[in-house]
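Reminder that position 160 of the sequence shown reads as 160 in our numbering, one-by-one numbering, no gaps.
The structure appears below as structure tokens.
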Amino acid sequence: MSEEIYRSPRKTGRVAILLSGRGSNFRAIDDAVREGRIDAGIVLVLSNKEDAPGLRTARERGLETLCLDPKLFATREDYDAEIVRRLEERNVDLVCLAGYMRILTPVLCRAFKNRIMNIHPALLPSFPGLHVQQKAIDWGVRFSGCTVHFVAEEVDMGPIILQAAVPVLRDDTEETLSARILVEEHRIYPEALRLFFEGRIEVRGRRVFIDG
Ligand code: GRF
């Protein structure tokens, strides 16, 4: 069976951000866009939480925002179908999950295959899921870090695009390790978008190859 190959487009990208909370990764991406480090524009910031601080930041920065209340939809699939509709009507090229606290259904994953990225605060495939900085400390690993990956239907298991490692120190708390990892998140997430819209990302099966 021949392996499926996907190549990211070289273009000025139209990006949507999905977030549920603080939004520091969104800010890092938006800063990179404004500084011209990424050839793209953020055309929508969407949240499932009206009170998400990231949504407020997006409004303050003059970006289009949208909050969709999951309670107004009968099923998770209906909710994601509405998101797909909103993304498609804005011709979104790439969806960036930035602290978006909902598991995507296949409705959204399939509509944007190889076009949804996520940032995870651990070196996947170790420590998928939640509270992973504390888990890294509890396991006594010497290094942790962060991973930018494409979103596949299995949570936290899509093709890995970029990773950055940080040491786990003897006296680390969840807060100190999270802060050290977050610095790297803010560096590699915008970098992944830059590579994507430079047309330099190729996905072959579960592996990602970066040109240059
Ligand atoms: C980050 O730690 C990210 O890795 C994880 O959720 C957190 C979001 O933080 N997916 P922020 O909202 O971007 O500040």
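Positions of the beta carbon are idealized from the N, C-alpha and C atoms, including for glycine.
Remember, it's a predicted structure, so these values are computed and weren't measured experimentally.
Heavy atom of the ligand GRF within 7 angstroms of C96 beta-carbon: Flag unset: Cβ of C96 not near the ligand GRF.
Within 8 angstroms, strictly: CB atoms of L182 and V151: Between L182 and V151, the CB-CB gap reaches or exceeds 8 angstroms.
Burial state of F209, where buried means 16 or more other Cβ atoms lie within 10 Å: It is exposed - the Cβ of F209 has fewer than 16 other Cβ atoms within 10 Å.
Rounded straight-line distance, which links the Cα of I5 to that of R206: Distance between R206 and I5, taken at the CA atoms: about 10 angstroms.
Proximity of E184 and C146 at Cβ, strictly below 8 angstroms: Yes, these two residues count as a Cβ contact at 8 angstroms.
Distance between D69 and W139 (C-alpha atoms, nearest Å): Distance between the alpha carbons of W139 and D69: 37 angstroms.
Status (buried if at least 16 other CB within 10 Å, exposed otherwise) for R59: R59 counts as exposed, since fewer than 16 other C-beta atoms from the protein chains shown sit within 10 angstroms of its C-beta.
Residue closest to A81, alpha-carbon to alpha-carbon, out of I188, T65, E64, C109: Ranked by Cα distance from A81, the options I188, T65, E64, C109 are led by C109.
Heavy atom of the ligand GRF within 7 angstroms of H149 beta-carbon: False, no ligand heavy atom lies under 7 angstroms from that Cβ.
Meets three-Cβ-pair contact criterion under 8 angstroms: the stretch 14-32 and the stretch 89-101: At 8 angstroms Cβ cutoff, the stretches touch.
Length of the line joining the Cα atoms of N25 and L63: In this structure, the straight-line span from the alpha carbon of N25 to that of L63 is close to 15 angstroms.
F112, DSSP secondary structure in three states: Residue state, collapsed to three classes: coil.
Spatial neighbours of K252 in its chain, beta-carbon cut-off 8 angstroms, leaving aside the 5 residues before and after: The chain is shown from 1 up to 212; residue 252 falls before or after that span and cannot be answered.
Contact test: E22 Cβ vs the ligand GRF heavy atom, cutoff 7 angstroms: For the record, residue 22 in the displayed sequence is Arg; it is not Glu. Yes, Cβ of R22 sits closer than 7 angstroms to a heavy atom of the ligand GRF.
For T65: DSSP bridge partner residues: Beta-bridge pairing links T65 to V45.
G54 burial status per 10 Å Cβ neighbour count (16 or more: buried): Result: buried.
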